[in-house]
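K.L.:
Protein chains in written order, with the numbering used here: chain C, 15 to 478; chain F, 40 to 271.
Backbone N, C-alpha and C define an ideal beta-carbon position, used for all residues, glycine too.
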Amino acid sequence: MSVSLGANKKNEKKGEVKENTPLFLSESVQKELQELIPKVRFEEVMSCETSEEVAADKMILYFGEYFNQFKDQFTLNKAMRILNIASEISARGEFLSKHTIYQGYCQKYNELPWDEFEEIIKPIIRLSSMSPLQKTSGDQLNFTLLGRLLLHNYHKLKVEMLALKKYGTFQDLFTIIEDVRSFWNYSPYGMDIEYIFSLTNNLKNFTDSLKTAGDDVLKDEAVDDKLKLIHDLIDQILEIQSSGDMDSSNISYRQKIHISDLLVKAILELMQIAKRKFNIRLKRSREPIFETSFLELEKWILSNWDKKEWSDYFYASSTCGTPVQFPMRLNEYFVKKVLKNFIKKRQEIEYDELPKDIPEIDHKPIEDLLINEDEIIHLKEELYQKALTANDPLDYKIVRSKKPEKFLNNLIIFFLLASEERLHFDEEKKVVSIQDRKYHVDSFTARIFELTNKKMENERVKKS
Amino acid sequence: MTMNSKSWMGLNYEDKRRLALILQGTSAGPGLNINQLNFTKDLEKLDDEIDSFIRMINRYFEGILQLIRSGNFIIPIIINQDAIEVKRRSISSKVIALACIVLLHEFVYKHGPTLSNLETKLQVTNVDIRELRQLISDLKNLRWVDEIEEAGVIYYIPSAGLKACISPEMLITIYSEIYIESKDEEEKEMLLQFFPKEYMKIRDTLRTGSKQKDLANFLDITGEKNGKCNTD
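(1) Given a threshold of 16 other Cβ atoms within 10 Å of its Cβ, counted over all protein chains shown, does A330(C) qualify as buried or as exposed?
(2) Is any beta-carbon of chain C found at less than 7 angstroms from that of S132(F)?
(3) According to DSSP, which residues form a beta bridge with G68(F)?
(4) When we look at the beta-carbon of V59(C) and count the other beta-carbons within 10 Å, is it buried (16 or more) or exposed?
(5) Are the beta-carbon atoms belonging to S111(C) and D153(C) less than 7 angstroms from one another?
(6) At a CB-CB cut-off below 9 angstroms, which residues of chain F make contact with E132(C)?
(7) Which residues in the same chain as V68(C) place their Cβ atom closer than 8 angstroms to its Cβ, once the five residues preceding and following it in sequence are excluded?
(8) Flag this pair as touching only if the stretch 154–171 of chain F and the stretch 198–215 of chain F have three or more C-beta atom pairs under 8 angstroms; answer yes or no.
(9) Would you say I118(F) and Q105(F) are within 7 angstroms of each other, going by their C-beta atoms?
(10) Under 7 angstroms, do K55(F) and L422(C) count as touching if we go by C-beta distance?
(11) Taking 7 angstroms as the threshold (beta carbon to beta carbon), is V59(C) in contact with chain F?
(12) Any beta carbon of chain D sitting closer than 7 angstroms to that of C62(C)?
(13) At the level of alpha carbons, what is the spacing between G118(C) and P152(F)?
(14) Using a C-beta cutoff of 7 angstroms, does K55(F) count as contacting chain C?
(15) So, under 8 angstroms CB-CB, P341(C) and L60(F) are touching, yes? Tell me the CB distance rounded to an integer number of Å.
(16) List the DSSP bridge partners of V59(C).
(17) If we define contact as Cβ-Cβ less than 7 angstroms, is G200(F) a contact residue for chain C?
(18) Based on Cα-Cα distance, which residue from Y52(F), N72(F), L58(F), E53(F) lies nearest to R182(F)?
(19) Based on Cα-Cα distance, which residue from I193(F), R57(F), D87(F), M239(F) lies nearest to N156(F)?
(20) From R95(C) to R106(C), what distance separates their C-alpha atoms?
(21) The ligand SAM and K172(C): does any heavy atom of the ligand fall closer than 6 angstroms to the residue's C-beta?
(22) K321(C) CB to nearest chain F CB: under 7 angstroms?
(23) Identify the contact partners of P137(C) in chain F, using a Cβ-Cβ distance below 8 angstroms as the criterion.
(24) From what residue to what residue does the alpha helix (DSSP H) around K173(F) run?
(25) Output yes or no for whether 7 angstroms exceeds the beta carbon distance between I116(F) and P418(C).
(26) Considering only C-alpha positions, which residue in the set W314(C), E132(C), W319(C), W128(C) is nearest to I217(F)?
(27) For the alpha helix (DSSP H) that E101(F) lies in, which residues bound it at each end?
(28) Is the Cβ-Cβ distance between P137(C) and Q87(C) less than 7 angstroms?
(29) Start and end of the alpha helix (DSSP H) containing T336(C)?
(30) L85(F) and A138(F) - do their beta-carbons sit closer together than 7 angstroms?
(31) Under a three-way DSSP split, which group does D366(C) fall into?
(32) Name, going along the chain, the residues of the stretch 58–74 of chain F whose beta-carbon falls closer than 9 angstroms to a beta-carbon of chain C.
(33) Using a 10 Å radius around the Cβ and a threshold of 16 neighbouring Cβ atoms, would you call Y195(F) buried or exposed?
(34) Within the continuous alpha helix (DSSP H) that includes Y194(F), where are the two ends?
(35) Run through chain C and tell me which residues come within less than 7 angstroms of S206(F), C-beta to C-beta.
(36) Closer than 7 angstroms, CB to CB, is P152(F) near chain C or not?
See the structure below:
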């Protein structure tokens, strides 16, 4: 009767109260619910965009694929027994392999010929972690998440199917549970009136079907009591809502919170009973949650895996590095830029910034420290002259020398010249000598360097 | 050869030879095992010697070439976006994305991912197991991950090389794309706080320090050179 009241009011009030009447829950109840029910929005269920949604859909696809592997109901049943044994073995932390599963199977169920066993187990063992039993190393198997999903859903479906066959329709109980789940999931701070109506109807159907078929459940007085209580509370809520604007009335507002708390508690208790009776799992076990931003970042990268060009991000960042082999592909522009910075930095060094406990270098310019090897100055002079006279721009490609040592020597020469400010860079980023702007040091070549290098050695040999 | 051995500032012949070998790498990829570089055989002094060698080279070629030690390897890296002419072909987009995933996994779980960890993560994408293995072997070739086997399970540990190459700035850029609408600066700051110290430390050794530090190191090198020249 109280139920029909709610049902009648549904038609009258639905349109009016739907929008601005969230039912508020106290924080403690919200917390309790959050622990019991994972927060998943309906929109999320019906979309396939974020990484989690895609992964879930993929799991379901594999789930269907593996269920398809079994040619008849008997094979399916045996395969599920096998998975059950596997889950027990892996829960005990024992060694999981074909043989241990076979042993466990023969102990628990009827003997099964090895050939038949192998034929059943074959399609569910693969190398991928997206198979129920993953082959890791040697004989060892791993009972995967997908195996658990397969087994868990087999249990769930079987319970529902059995209930259907045995007691007629038990669908309503599941609908109620789904509805309750939705209440808290859709709106984090309360429930929408629409769901209350749907809950009322489902509860009504559920009680009806219990009365007609479900002897076992009906014997449990707790279920009946809870259902009565829930109906009662829903009626109270509907009455408050039909009495008009709650926002202006503090009493009704407080009442409402109180009632919704009671309602939630009653539904929770009903769910506990249903869980006990029908082995329905509501709580999702999760890996430890690390709510750092890194997971978020990772998720974003994964969900944009094909949509973004990651090398763009990589090369756009000036501090990203590339491990190199034969780094002769350093480009001209880059070398010039670095040399320019190099000179700039040397100029910026103020001598009074020198550490005081090193008195010897107080009055010495750093450039002096760099180049007080007479030989080198002499050689560089020569090198420099060569650089000025050669002007074949192609010859600049020294940096691409195939020999790392030559490449290094070339770089070092550049650095030496730069540190002495013998290189000058104009606005157009061309390497130009200070004395004569006509000549480009771009034509600093490996060939020339090689010559001077030889000459240097010759001179040294002569001296010694 | 002996005449050539003491020249060019702090770089003696042996150091130049080492650096040239390191730059050359092997067919297996960039970098070279320290066993091939003629360092001291005294194990107690070995680390110090390698450290000072790397520090000297890094100071010397600051802005052009930097060396990083990753386990038994010394890997040369170039830090700059426009340093290499054929950069587009050098590292593929997916390898970079996977490198980020491996790095982030370590940040969160304090250990490297296993193959099935990565496989589970990549379920979301179109990457199948074969392609994943290929990507991982690319990572190994770049010396970006080290394989460690424990109790039959292989873990892919992000190497010092990877940490040197994937910069916090890049991760922050990606991260800020998530918050593209709010442009929440605080969120970015948050991310910076979470970066492990070890990761930031590697970055610091590669980047130019304070002027003072710079100068001290600079003088160290030149001082060493002077000493050697005098004895010559």
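P.N.:
Based on what the coordinates show:
(1) exposed
(2) yes
(3) T65(F)
(4) exposed
(5) yes
(6) Those do not exist, as E132(C) stays about 23 angstroms from chain F at its closest Cβ, beyond 9 angstroms.
(7) C62, S317
(8) no
(9) yes
(10) yes
(11) no
(12) Among the protein chains in the structure shown, which are C and F, there is no chain D.
(13) 32 angstroms
(14) yes
(15) Wrong, their Cβ atoms sit about 13 angstroms apart, outside the cutoff.
(16) Looking at the DSSP assignment, V59(C) forms no beta bridge with any residue, so it has no partner.
(17) yes
(18) N72(F)
(19) I193(F)
(20) 17 angstroms
(21) With respect to small molecules bound, the structure shown includes none, and the ligand SAM cannot be examined in it.
(22) no
(23) Simply none; closest approach about 17 angstroms.
(24) Per the sequence presented here, residue 173(F) reads as Gln, with Lys not at that position. From DSSP, the alpha helix (DSSP H) with Q173(F) extends over 168–180.
(25) no
(26) W314(C)
(27) Looking at the DSSP string, E101(F) is not in any alpha helix (DSSP H), and its letter there is neither H nor E.
(28) no
(29) Not the alpha helix (DSSP H): T336(C) falls in the beta strand (DSSP E), residues 335–337.
(30) no
(31) For D366(C), the predicted model reports a pLDDT of 40, less than 50, meaning its position is unreliable and no value from the coordinates is stated.
(32) L58, A59, L60, I61, L62, Q63, G64, T65, G68, P69, G70
(33) buried
(34) Taken as a continuous stretch (DSSP letters only), Y194(F) belongs to no alpha helix (DSSP H), being part of the beta strand (DSSP E) at 192–197.
(35) S331, T333, C334
(36) no
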